[in-house]
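Numbering (my numbering), first residue to last: 212 to 528.
Quick notes on the structure that follows.
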Amino acid sequence: MSDEREHSDEGDTFSHYRRRFLKGLGTVGVATGVAAAAAPARAAWGGSTFQDAIGDFFQDHYQRMTPEEMKDALARIERKAKRKFGVDITCVDTPPIPGVVFGYALNISKCKGYRDCVHGCIRENNQGRDSQVQYIRVLQMDKGSMNLEKSEHYYDPATVPVEGKFYLPVQCMQCDNPPCVKACPVQATWKDPDGIVVIDYDWCIGCRFCMAACPYWARHFNWTEPQIPAKELNPVTNFIGNRPRPKGVVEKCHFCTQRTRKGRQPACMEACPTGARVFGNLLDPNSEIRHILENKTVFRLKEELGTEPKFWYYTDA
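Here you go:
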């Protein structure tokens, strides 16, 4: 068996056994389940690749990992990226910044529907190109209407903006009361102290309960093995941010933790050519986003649901 076949089979085969283990083997069946997983794993992978798989299998939840476990997990991700994409990456763990709660505001008067934010997000967050997973969805709406159910998700005119239309980008709202977190049966998603709702992709079992619970269409299931051009793979990735995700997990916007927790702006904000996006620390009274919230007429989507989104919309009017 060639190396190429070994590496392409690794994710699918091991993912199958990981899900069996998490969904119902229980403590009595652990030894049997591991033995069943290990036999084909040795045959398919062998050597250090098998060790990486076992490390994934027994990796504890991100929130409970010791520094040594985290070091080993980061090293495994780097080795897998090298095998799969043929490039060297550095994977880091970027924790929340104390005293910071992030929020977003978007000026729909300035959004022209160009979708530059979508493409900037795809590149920055190592989203699979063939899978068409996109964290940001720009909706084309009829002026005077806020009926999201009648919006156009896949508009494709010769030029934008279209007369009589306006544009409403939607993504993860980073809710203060996130229904997705409550729906997850294995606690693979949670809200960090800086307000960002994150996912441990190694812990996710792909049940998609969180997708059903999210009222904003913000979570996306990765149906295929991500295809990322090696030259576009970010050399530095974040453990719960923009590292390549495996097939069979749910992923979503995370406010670019690999950037924002280091004092940078999200990729979508940098990519926006019209300056429609404002991002910042809600706890900083001198921040631009606080100025907008205190001086503009703002609104949030589906506010009646009580999810308390940290993503606001406003206009110049």
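C-beta: ideal position from N, C-alpha, C; glycine also.
Nothing here was measured: the structure is a model prediction, and the numbers come from that model.
- Where leucine 444 is concerned, there is no enclosing beta strand (DSSP E), because DSSP gives it neither an H nor an E.
- With respect to isoleucine 288, arginine 454 sits close: the two C-beta atoms are nearer than 8 Å.
- Straight across, the Cα-Cα distance linking lysine 458 with alanine 284 is about 18 Å.
- For lysine 282, the number of other beta carbons within 10 angstroms of its own is below 16, and it is reported as exposed.
- The beta carbon of lysine 293 lies closer than 7 Å to those of Asp299 in the same chain, with the five residues before and after it left out.
- Between the region 378-393 and the region 421-433, the count of Cβ pairs shorter than 8 Å is three or higher; the stretches touch.
- The continuous stretches of beta strand (DSSP E) do not include isoleucine 300, and DSSP gives it neither H nor E.
- Annotation: the continuous alpha helix (DSSP H) that includes arginine 501 extends over 499-506.
- Look at the beta carbons and you see the region 297-314 touching the region 487-494: at least three pairs across the two are nearer than 8 Å.
- Lysine 521 counts as buried, since no fewer than 16 other beta carbons sit within 10 angstroms of its beta carbon.
- Using a Cβ distance threshold of 8 Å, glutamine 351 and isoleucine 333 do not count as a contacting pair.
- Scanning its chain for C-beta atoms nearer than 6 Å, with the 5 sequence neighbours on each side dropped, one finds around aspartate 527 the residues Ser320, in chain order.
- A Cβ-Cβ distance of about 7 Å is found for the pair isoleucine 347 and cysteine 464, placing them in contact under the 8 Å criterion.
- Annotation for alanine 316: the continuous beta strand (DSSP E) segment containing it runs 313-318.
- By the neighbour-count criterion, in which a residue is buried when 16 or more other Cβ atoms sit within 10 angstroms of its Cβ, asparagine 358 is exposed.
- Note on geometry: alpha-carbon atoms of asparagine 318 and threonine 518 lie some 21 Å from one another.
- Residue pairing for phenylalanine 510: DSSP places it in a beta bridge opposite Tyr524.
- Note that the C-beta distance between lysine 323 and proline 372 is below 8 Å.
- The beta carbon of glutamate 499 lies closer than 8 Å to those of Val489 and Gly491 in the same chain, with the five residues before and after it left out.
- DSSP, read as helix, strand or coil, puts valine 371 in coil.
- For aspartate 353, the enclosing beta strand (DSSP E) starts and ends at 348-353.
- Under DSSP, valine 461 takes part in a beta bridge, and its partners are Phe432.
- In this structure, DSSP gives valine 392 a helical state, which the three-state scheme calls helix.
- In chain order, Val409 place their CB closer than 6 Å to the CB of isoleucine 451, counting only its own chain and leaving out the 5 sequence neighbours on each side.
- A distance below 8 Å separates the beta carbons of aspartate 327 and proline 484.
- Rounded to the nearest whole angstrom, the CA to CA distance from arginine 419 to aspartate 413 is 15 Å.
- Taking 8 Å as the cut-off, the beta carbon of alanine 441 is found no closer than this to the beta carbon of proline 390.
- With 16 or more other Cβ atoms from the protein chains shown falling within 10 Å of its own Cβ, tryptophan 523 counts as buried.
- Across the set Val349, Arg472 and Glu505, the C-alpha of Arg472 shows the shortest separation from the C-alpha of proline 309.
- Across the set Asp367, Asp353 and Glu360, the C-alpha of Asp353 shows the shortest separation from the C-alpha of tyrosine 378.
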